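Report on the following structure.
Residue numbers (my numbering): 4 to 322.
Structure follows, in structure tokens:
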């Protein structure tokens, strides 16, 4: 059995569940490698999938499909990003109050143990500093208490491309450097709030945050946890996607530059305009989310396992 990641690269539950169900019906999906211009098959048969790890900023459109998947016997785990950030930074993300309601509905449909709240990425601007994040975290944690036991945080890595994009999009509300001492202070404040609401705080790909008492190193695809939760064999090796990543082996079936949310901090899109173009090109019955890709070679592996996550992957959910 293997884990399916759906997906670090785009928001399948919000925008592409009809496509996903076509893949389920066919019994396989494809892991696309842009560098090699090839797509390798991975089995979606229920007896081959240990669990599907979903990632989203809005599960509301996916709820009817998730009910069907549950009846079909699929084991599922849900990363749900809710930050409370304004429209300025998360242009087309559903309102926080709606996402909280959907989060709770999803936890009731499945279980709090299958829910993972993501409060990331964190970055400071002239209008969003320490108090903004403390107040947002407190408000959301209070609403999610009892509906999840896990939360991940991380700070934006200010790559030159990211800084340019944030500066362009935010203009006078430009991004600010957050020194380690300040990151640790904010992390400590969030940890106290999380503990009060019986939520374990995890650091995603930033081990320095684990210096704060009570904060644990995160694993977004956490094989030991999923194996205990779903009572399946723990036979998955660690397969970090980048430095300090704690993830185990999985197969990501998403496609970069296809998410219409328009978040200004996103690494997974080249631009919002190009992501929208790709979204409009999408066909639910196509092997890949983006529809037809010129020159791609499809490979159906004999064992049906496809290609694993590799270290060159960036995520739109954990940066």
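Beta carbons: idealized from backbone N, C-alpha and C, even for Gly. Since this is a predicted model, take the numbers as computed values, not measurements.
Taking every protein chain shown into account, the CB of residue 59 has 16 or more other CB atoms within 10 angstroms, so this residue is buried. Straight-line measurement puts the Cα of residue 56 at about 6 Å from the Cα of residue 7. Counted as a single uninterrupted DSSP element, the alpha helix (DSSP H) harbouring residue 146 occupies residues 133-147. With distances taken between CA atoms, residue 68 lies nearest to 16 out of 45, 94, 16. Counting only unbroken stretches of 4 or more residues, the alpha helix (DSSP H) elements lying wholly within the stretch 59-94 are 66-74, in sequence order.
When the beta-carbon positions are compared, residue 151 and residue 110 come within less than 8 Å of each other.
Burial check for residue 212: the Cβ neighbour count within 10 Å reaches 16 or more, so the residue is buried.
Excluding the 5 residues flanking it on each side, residue 177 has same chain C-beta neighbours closer than 8 Å at 128, 129, 169, 170, in chain order. The stretch 200-286 contains, as complete alpha helix (DSSP H) runs of 4+ residues, the segments 226-233, 275-284 (chain order). Burial state of residue 138 is exposed, judged by a 10 Å Cβ sphere holding fewer than 16 other Cβ atoms. Each of 255, 201, 191 was checked against the Cα of residue 134, and the nearest Cα belongs to 191. Shown here for residue 217: same chain residues with a beta carbon closer than 7 Å to its own, the five before and five after excluded, namely 194, 198, 204 in chain order.
Judged by DSSP in its simplified three-state form, residue 126 adopts coil rather than helix or strand. Per DSSP, residue 31 is one residue of the beta strand (DSSP E) stretching across 31-36.
Per DSSP, residue 39 is not a residue of any beta strand (DSSP E), being assigned neither H nor E. Contact annotation: residue 235 and residue 24 have beta-carbon atoms that are not nearer than 8 Å.
About 7 Å separates the CB atoms of residue 290 and residue 42; that is less than 8 Å, so the two are in contact. When secondary structure is reduced to three states using DSSP, residue 167 falls in the helix class.
Judged by pairs of C-beta atoms under 8 Å, the stretch 93-100 does not touch the stretch 35-52, as fewer than three such pairs exist. The beta carbons of residue 257 and residue 221 sit no closer together than 8 Å.
Put simply, of 299, 297, 298, 288 the residue whose alpha carbon is nearest the alpha carbon of residue 30 is 288.
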